[in-house]
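Presented below is the structure to which this report refers.
2 protein chains.
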Amino acid sequence: MNRRLELLKKKMQENALDTCIITDFYQLKYFIGCEIHTGERLLALVLEKSGEATLFVNALFHAKESKDYKAVYYHDSEDPIALMANTIQGKRVGIDDSWNAGFLLRLMSAYSAEYVRGSFLMAEIRCQKDEEEQRCMIEASRLNDEVMRRIRPYLKVGVTEMEIYDRLITLFKEVSHGPVSFEPIVAFGKNGGDPHHESDDTVLQKGEAIIIDMGCYYNGYCSDMTRTFLQHGNEEIEKIYDIVLKANTEAEKAIRIGMPLKDEDKVARDIITEAGYGPYFTHRLGHGIGIEVHEPYDVSESDEVLVQEGMCFSCEPGIYLPEVGGVRIEDLVIARADGTVILNHYPKEKQYID
Amino acid sequence: MNRRLELLKKKMQENALDTCIITDFYQLKYFIGCEIHTGERLLALVLEKSGEATLFVNALFHAKESKDYKAVYYHDSEDPIALMANTIQGKRVGIDDSWNAGFLLRLMSAYSAEYVRGSFLMAEIRCQKDEEEQRCMIEASRLNDEVMRRIRPYLKVGVTEMEIYDRLITLFKEVSHGPVSFEPIVAFGKNGGDPHHESDDTVLQKGEAIIIDMGCYYNGYCSDMTRTFLQHGNEEIEKIYDIVLKANTEAEKAIRIGMPLKDEDKVARDIITEAGYGPYFTHRLGHGIGIEVHEPYDVSESDEVLVQEGMCFSCEPGIYLPEVGGVRIEDLVIARADGTVILNHYPKEKQYID
Chain X
1 MNRRLELLKK KMQENALDTC IITDFYQLKY FIGCEIHTGE RLLALVLEKS
51 GEATLFVNAL FHAKESKDYK AVYYHDSEDP IALMANTIQG KRVGIDDSWN
101 AGFLLRLMSA YSAEYVRGSF LMAEIRCQKD EEEQRCMIEA SRLNDEVMRR
151 IRPYLKVGVT EMEIYDRLIT LFKEVSHGPV SFEPIVAFGK NGGDPHHESD
201 DTVLQKGEAI IIDMGCYYNG YCSDMTRTFL QHGNEEIEKI YDIVLKANTE
251 AEKAIRIGMP LKDEDKVARD IITEAGYGPY FTHRLGHGIG IEVHEPYDVS
301 ESDEVLVQEG MCFSCEPGIY LPEVGGVRIE DLVIARADGT VILNHYPKEK
351 QYID
Chain D
1 MNRRLELLKK KMQENALDTC IITDFYQLKY FIGCEIHTGE RLLALVLEKS
51 GEATLFVNAL FHAKESKDYK AVYYHDSEDP IALMANTIQG KRVGIDDSWN
101 AGFLLRLMSA YSAEYVRGSF LMAEIRCQKD EEEQRCMIEA SRLNDEVMRR
151 IRPYLKVGVT EMEIYDRLIT LFKEVSHGPV SFEPIVAFGK NGGDPHHESD
201 DTVLQKGEAI IIDMGCYYNG YCSDMTRTFL QHGNEEIEKI YDIVLKANTE
251 AEKAIRIGMP LKDEDKVARD IITEAGYGPY FTHRLGHGIG IEVHEPYDVS
301 ESDEVLVQEG MCFSCEPGIY LPEVGGVRIE DLVIARADGT VILNHYPKEK
351 QYID
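Protein chains in written order, with the numbering used here: chain X, 1 to 354; chain D, 1 to 354.
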């Protein structure tokens, strides 16, 4: 049994769970190295507190051989839920939050037990990145920095958001040799007032700011960084830039093992609120990241979880003035007892495009 | 209230459902034209049997104004499940199968009711494509035929699967001006023995067959077609080609309104089984398709659903000989009382590449 499954087995004991059902693509990748996409067909690992593990796979797919589990293949004409119901032994069953609720309701009918959320156990393990994982996170962000450096010369009045978007995709192919970890956000001028703006044919005008939020993979680990570039002559945006930068840097400085994540959010939020822009910082300060671009835990006003050794998360304060524009500055960080590691090194001081 | 929601309200009455919770991206798109991606943040339409409808949306996103529902925006610091629990009125609640099981378990704790699967009601409505939807399906398949025509000259000994894959992506950009409806499958020679082979650097050798399974969108509606190209001098593959082609054409001829989908599967399966290849036809005959590339219902040995006016599904028999190769031939069809419409017109007679 591999180390990660051992840790999960221990968490199950601590939380009085008899059985754990792992169904999420990334959980399966993390715990047993299984990376098959089965679409709407059920794929589930049933882990008993004894350590016995069974992987249910549609016969159209092949799971690699492993000492960690026994693979049970089912055909399209069979009911995998019935097979699972015959295998599960526990009375208290933890399920993966992202499982299909239809499968869960079917299993609830087929096998009587107390069903509870189980993903939080896996999150507790996954949030602490080991040395090799930290190395991959650092390298993914180094590649991301490099692409930010290479996109910089393309930022010129007259270019469109989609042109920059397409150029980013090309640069990532050159630099990280793979797909992006999420669709890059490129927002010019007032589009920056919407934190989730989708790139379109908007043309960059004189004086407008540019938000670029982007990421790639290294060895299956994600990067995610935002920078806001400026043009001279836009006083309000320059003013909020200073505030957001202060919120970003102070929040990064404040990180300590053992502090609640909500306190980390508060450091940034207080700075923005005191400057009078509280209502315009409309999202959480950050999110966990690893093999998924969004992983537990949120760095938000309500997250009570404590910062732990090896936790990797984003620090991304922003101010969004609807119909005017916005600023967001985002780095990834790894919390460590020997000092926080900031993964992004692309400059954060005000950068003016030509 | 729009016609689709009216139909759903009627289905709810027929099935004694008080409340329906719609959360799936495509269900929301179909029923209320909502197309926002909210990632891990909850997005849900609560429809009561009275017709009252409330859409719960994170405040970072914007749902378009509509007479069909009231939008309730929540912030990251709020618990949307608590808001939903305060809104739901019914005692028997149908939920979307694809909902996040973690959200469902939270709602089960927050609001006591009988929870049942609800997607089947929506499937009953969505499976019958109206005239405009049929027009879009036909056009999407016409574009797909055109790309099959254009890829044909690139199929030459020495080319790699990835080169054909990349060329397909380029051709779809030219022809359908958008993304593909699923990652194209390109399988050479013995790779064709795995129905879900992922394209790689395999080089096409003399004598090998080529399976291409691909699709695109028109106006949000999907196409999906498979053709197998041959080279001379491969008797076993030629033999199974004849069997698969017969299974495909006979199954298409057999389609009648009112017949169970499993009988449709049986027509093809019997032909393949009688020819001695039953164990090598390892998947269902087909699947529903529309705004999603896989929609209810399966055309499988176990699906009792009857063929209905306006149903669109794939007819894709295949024979897969592990380590040898395979053949699959797939068309989309629309069942109609006035005669089945076959959506693909790219030739199915044996085609030999140069």
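For each residue, glycine too, the CB sits at the ideal point set by N, CA and C.
6 angstroms CB neighbourhood of residue i in its chain, flanking five on each side removed
i, result
"Lys-173/X", "none"
"Asn-2/D", "Asp-68"
"Gly-310/X", "Gln-128, Lys-129"
"Leu-12/D", "Looking at the sequence shown, residue 12/D is not Leu but Met. Once the five neighbours on either side are set aside, the close Cβ partners of Met-12/D are Cys-20, Lys-49."
"Val-180/X", "Phe-172, Cys-216"
"Arg-150/X", "Leu-171"
Identity of the residue in the options nearest residue i by Cα
i, options, result
"Gly-90/X", "Ile-138/X, Ser-50/X, Trp-99/X, Asp-76/X", "Ser-50/X"
"Phe-229/X", "Ala-268/X, Lys-350/X, Glu-330/X", "Lys-350/X"
"Ser-119/D", "Val-180/D, Asp-24/D, Tyr-69/D", "Asp-24/D"
"Ala-44/D", "Asp-270/D, Ile-22/D, Lys-64/D, Glu-163/D", "Ile-22/D"
"Lys-246/D", "Glu-330/D, Met-84/D, Trp-99/D", "Glu-330/D"
"Leu-143/D", "Asn-219/D, Tyr-277/D, Pro-195/D", "Asn-219/D"
"Glu-35/X", "Asp-18/X, Met-148/X, Leu-55/X", "Leu-55/X"
"Pro-80/D", "Asp-96/D, Tyr-111/D, Leu-17/D, His-294/D", "Tyr-111/D"
"Glu-264/X", "Val-324/X, Ile-151/X, Ser-300/X, Lys-239/X", "Ser-300/X"
"Val-244/X", "Gln-231/X, Ala-268/X, Glu-235/X, Pro-260/X", "Ala-268/X"
"Asp-303/D", "Pro-260/D, Gly-326/D, Gly-325/D", "Pro-260/D"
"Leu-285/X", "Pro-317/X, Gly-192/X, Asp-194/X", "Pro-317/X"
"Ala-16/X", "Phe-31/X, Leu-83/X, Lys-29/X, Arg-92/X", "Arg-92/X"
"Asp-224/X", "Leu-105/X, Leu-155/X, Tyr-280/X, Tyr-346/X", "Tyr-346/X"
Cβ-based burial, residue i [other Cβ within 10 Å; buried from 16]
i, result
"Gly-339/D", "exposed"
"Asn-397/D", "An answer regarding residue 397/D cannot be provided, because it is not within the stretch 1 to 354 covered by chain D."
"Gly-258/D", "exposed"
"Ser-109/D", "exposed"
"Tyr-352/X", "exposed"
"His-283/X", "buried"
"Gly-276/D", "exposed"
"Gln-205/X", "exposed"
"Gly-94/D", "buried"
"Gly-158/D", "exposed"
"Gly-189/X", "buried"
"His-177/D", "exposed"
Spatial neighbours of residue i in its chain, beta-carbon cut-off 7 angstroms, leaving aside the 5 residues before and after
i, result
"Glu-146/D", "Val-175"
"Thr-38/X", "Asn-58, Phe-61"
"Tyr-26/D", "Ile-291, Glu-292"
"Gly-233/D", "Gly-207"
"Glu-252/X", "Cys-315, Asp-331, Val-333, Thr-340, Ile-342"
"Asp-200/D", "Glu-161, Met-162"
Distance between residue j and residue i (C-alpha atoms, nearest Å)
i, j, result
"Ser-66/D", "Val-72/D", "12 angstroms"
"Tyr-320/D", "Ile-88/D", "50 angstroms"
"Gly-215/D", "Glu-78/D", "41 angstroms"
"His-287/X", "Phe-313/X", "5 angstroms"
"Arg-117/D", "Phe-103/X", "9 angstroms"
"Ile-185/X", "Arg-328/X", "11 angstroms"
"Ala-187/X", "Ile-212/X", "7 angstroms"
"Ala-53/D", "Lys-9/D", "11 angstroms"
"Asn-344/D", "Ser-141/D", "6 angstroms"
"Ile-125/X", "Asn-248/X", "27 angstroms"
"Leu-5/X", "Tyr-74/D", "37 angstroms"
"Leu-210/X", "Leu-42/D", "Looking at the sequence shown, residue 210/X is not Leu but Ile. Approximately 29 angstroms between the Cα atoms of the pair."
"Met-162/X", "Tyr-115/X", "46 angstroms"
"Leu-168/X", "Glu-323/X", "26 angstroms"
"Glu-236/D", "Gly-278/D", "15 angstroms"
"Ala-337/X", "Met-122/X", "22 angstroms"
"Leu-47/X", "Lys-70/X", "10 angstroms"
"Glu-295/X", "Cys-222/X", "11 angstroms"
"Glu-14/D", "Lys-348/D", "44 angstroms"
Residue i beta carbon near the ligand GTP (any heavy atom closer than 7 angstroms)
i, result
"Ile-353/X", "Here there are no bound small molecules, and the ligand GTP is not part of this structure."
Nonlocal neighbours in the same chain, by C-beta distance under 8 angstroms from residue i, ignoring five residues either side
i, result
"Glu-250/D", "Val-267, Ala-268, Ile-271"
"Pro-195/X", "Thr-282, His-283, Gly-318, Tyr-320, Gly-326, Arg-328"
"Val-307/D", "Ile-255, Arg-256, Ile-257, Gly-258, Met-259, Pro-260, Leu-261, Glu-264, Ala-335"
Inset, instruction - Jot down the residue ranges of each uninterrupted beta strand (DSSP E) in the stretch 33-75 of chain D, minimum 3 residues, whole runs only, in chain order. - result: Every unbroken stretch of the beta strand (DSSP E) spanning 3 or more residues and falling wholly within the stretch 33-75 of chain D is given here in chain order: 44-48, 53-58, 70-74.
Legend entry - Unbroken stretches of the beta strand (DSSP E), 3 residues or longer, contained in the stretch 119-188 of chain D: Considered as a whole, the stretch 119-188 of chain D harbours 185-188 as its complete beta strand (DSSP E) runs of no fewer than 3 residues, in chain order.
Inset, instruction - Please go through the stretch 204-243 of chain D and give each complete beta strand (DSSP E) segment of 3 or more residues, from N-terminal end onward. - result: Counting only runs of 3 or more residues that sit fully inside the stretch 204-243 of chain D, the beta strand (DSSP E) segments are 210-214, 225-229, in chain order.
Legend entry - Complete runs of the alpha helix (DSSP H) confined to the stretch 303-352 of chain D [at least 4 residues]: Segments of the alpha helix (DSSP H) lying fully in the stretch 303-352 of chain D: there are none.
Legend entry - Ranges of the alpha helix (DSSP H) found wholly within the stretch 72-116 of chain X, counting only runs of at least 4: Fully enclosed alpha helix (DSSP H) runs of no fewer than 4 residues occupy 80-87, 101-110 of the stretch 72-116 of chain X, in order along the chain.
Inset, instruction - With a floor of 4 residues, list each alpha helix (DSSP H) that falls wholly inside the stretch 243-279 of chain D, ordered by position along the chain. - result: For secondary structure counted as the alpha helix (DSSP H) over 4 or more consecutive residues, the stretch 243-279 of chain D holds these complete runs in sequence order: 261-274.
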